[in-house]
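Count the sequence shown with my numbering and you get residues 31 to 131, in order. Please read the structure below before turning to the comments.
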Amino acid sequence: MKKTPSRVNRLGLLLCIVLLVALAAACGPAPGIPPQTGDGWQTADPVSVGLDAKKLNQAAARIRDGTYQNVHSLLVVKDGKLVFEEYFRGYTWRYAGDQYR
């Protein structure tokens, strides 16, 4: 005769799975230095200009999870350097010519 897991064991397993999924979602990639694209912006690591990279990542995570609605991009410039750039919900950067320079 097979033993079936008790209700408490199943609830415990479910709780563990939910916690692991939540932890995985919270551990998104750390913001890196935006790539040099030759568009005139100098880029830098957020830490090198005195910004907390973890807080930038947390802000981006909150945009991704829908906490902040209708935000399509997050760009951070400090001391004339682009230190963070991310686009959300299918939006991308599109360069349409010299009229935007």
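From the three backbone atoms N, C-alpha and C, an ideal C-beta is built for every residue, glycine too.
Mapping the DSSP letters down to three states, classify residue i as helix, strand or coil.
i, result
"Q72", "strand"
"I210", "Outside the modelled stretch of the chain, which goes from 31 to 131, sits residue 210, for which no answer is possible."
"S36", "coil"
"L81", "coil"
"A96", "Rather than Ala, the amino acid found at residue 96 in this sequence is Gly. If DSSP states are grouped into helix, strand and coil, G96 belongs with coil."
With which residues is residue i paired in a DSSP beta bridge?
i, result
"Y117", "S103"
"K111", "Q72, K108"
Comparing alpha-carbon positions, which option in the options lies nearest residue i?
i, options, result
"G120", "I93, R37, T97", "I93"
"V79", "L49, V48, I63", "I63"
"Y98", "V107, Q88, E115", "Q88"
With residue i and residue j assumed to form a contact (beta carbons below 8 Å), what rounded beta-carbon distance in angstroms separates them?
i, j, result
"P65", "V113", "Wrong, their Cβ atoms sit about 12 Å apart, outside the cutoff."
"K111", "L81", "Contact flag wrong, Cβ pair sits at about 10 Å."
"F143", "V106", "What the structure shows of the chain is the stretch from 31 to 131, and residue 143 is not part of that stretch, so it cannot be assessed."
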